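Remarks on the structure that follows.
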Amino acid sequence: MDALSAAFRSVRITGAVFFNAEFSAPWGSKAPHARDIQTEVAPDTEHMVPFHLVTAGRLNARVAGAEAITVSAGEIVVFPHGDAHELWNGSVGKLIDAAALIPKILAGEFRLEQAGGGGERTTLICGYFGCERYAQRLFLAGLPAIFKVDIRGDTAGAWIGSTLHHLVAETELRRPGGVALISKLSEALFIQTLCRYAETQPEEKSGWLAAARDPVAGRALACFHKNPERDWTLSTLAKEIGASRSVLADRFVRLIGQPPLEYLAQWRLQFGARLLATTDDTVLRVAMNVGYDSEAAFNRAFKRKFGDPPGRYRRRLRVAPPSTCADRVTP
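Residue numbers 15 to 345, in our numbering, belong to the letters of the sequence shown in order.
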C-alpha cells in the first residue's frame, strides 16, 4: 500500500458542489476566506478547500500576495488553505460577491449562475473539499495558496472531469443515497487531484506529498500510516523498506523536515486524537491501536501535546462545536 492510500484510510474527506457558473467577459467575482463561511456552509467540516473547474473558456485567478494564474478549459484551480480569492476575465469594475450566494446554497438551490458583459464565455463548476484539521496540516501544509491541475489528455484527468460532472448530477437530482455518494466521490476526487498535482512537481520539491512519492520516504510513511501500532525502530523500518538506516534518515529529514521516529510519535498522537473523537473505544484500546504499550504512557504523551489527558479531551470534543474541536488538534 502506498503512502497516500495508507494515510487516507484514517482521514475523513467530504465535499460538495455549490453551483454551475456561466459568465461572459468582462466579469469578475470575489470569494471570502473559507473560514468566514465555513460555519454556515459546511458546519461539519473542519477545513474547507475551495475549487473551480473551468469547463469552457478561461479565467484569471489570484490570492493576495501571489501572482495571478490563467486557468483554461480542462483545468481545475484549487485553494488548499481556503484563501480569499478573485476570479475574472477582462477589465471589470465591481466584482460579484460570492458570499451573497450563501442563502441559495443553504436553501439547497443548486442552480446555474449567469453574469457578465456579453463577451467571451466562461463556464465553471464551483465547490469545495472538506477535511479534518489535522489532515489539512499533514497533506496541505507545504502547498502554495493557489495551484491548478490540468485534467486533459489522459485517463486520470478524464476521470477527474467525469467525477465532477457526477457530483453536479447528484447535487441536482438529490436522490436517496446521494449525500453518501457525493461524499465518496469527493474523497476520491480530492485524493486524485493531490496525486495529479504531486506528479507535476520537480523531484527536488520537499513536503509531505513529495515524500509520499519518494521510493524510500514514501514506503516509510506507508508503514507508519498503515501500522502505527507496530514497535518501529529505525532498524526495523529500514529493513522493512529495504534501505539503509542512514539513507532512510537523510531522505526523510530532507523531505519531511524531521526524523522518522519523531514523525511517527506525532502521527500516533494525531491518530489517537482522531480515534478519541470518532470512536467509543476505551482509552487503553486507543493507546494500543496507536503503538503505546500502556495507557499511562499514552496519557502522559497526549497531555504534553494537547494540554488535556485523553478522557477529558474526548469529553470536551463531545460538547464543543466543530470549529473549537478542530482548533484543539494541532501538529
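Glycine residues also receive a C-beta, built at the ideal position from the N, C-alpha and C atoms.
Given the structure is predicted, the values throughout are model-derived calculations rather than measurements.
| query | Just the Cα atoms here: how many angstroms apart are A112 and I174? | reply | 24 Å
| query | Is it true that the stretch 280 to 294 meets the stretch 232 to 246, where meeting means three or more beta-carbon pairs spaced less than 8 Å apart? | reply | yes
| message | Beta-carbon within less than 6 Å of L115's beta-carbon, same chain only, minus the 5 sequence neighbours each way: which residues are those? | response | none
| query | Is it the case that the CB of D294 approaches a heavy atom of the ligand HEM more closely than 6 Å? | reply | Absent from the structure shown: the ligand HEM. Ligands present: none.
| said: Quick check: the stretch 203 to 213 against the stretch 149 to 163, are at least 3 beta-carbon pairs closer than 8 Å? | reply: yes
| Segment contact flag, the stretch 292 to 309 with the stretch 252 to 272, C-beta cutoff 8 Å, min 3 pairs | no
| task | Starting from the C-beta of Q52, find all residues in its chain whose C-beta is less than 6 Å away, skip the five residues before and the five after it, and write them out in chain order. | result | M62
| task | From the DSSP output, read off the bridge partner residues of T137. | result | E36, A70
| task | Drop a sphere of 10 angstroms on the beta-carbon of P94, count the other beta-carbons inside from all chains shown, and report buried for 16 or more, exposed for fewer. | result | buried
| said: Suppose you measure from the CA of F312 to the CA of V106; what does that come to, to the nearest Å? | reply: 57 Å
| task | Go through the stretch 78 to 158 residue by residue and report every complete run of the beta strand (DSSP E) that reaches 3 residues or more, in order. | result | 83 to 86, 89 to 92, 99 to 103, 126 to 130, 135 to 145
| Skipping 5 residues on each side, what residues in its chain have a beta carbon closer than 6 Å to that of L18? | A226
| field | Separation of R326 from P242, as counted between CA atoms | value | 23 Å
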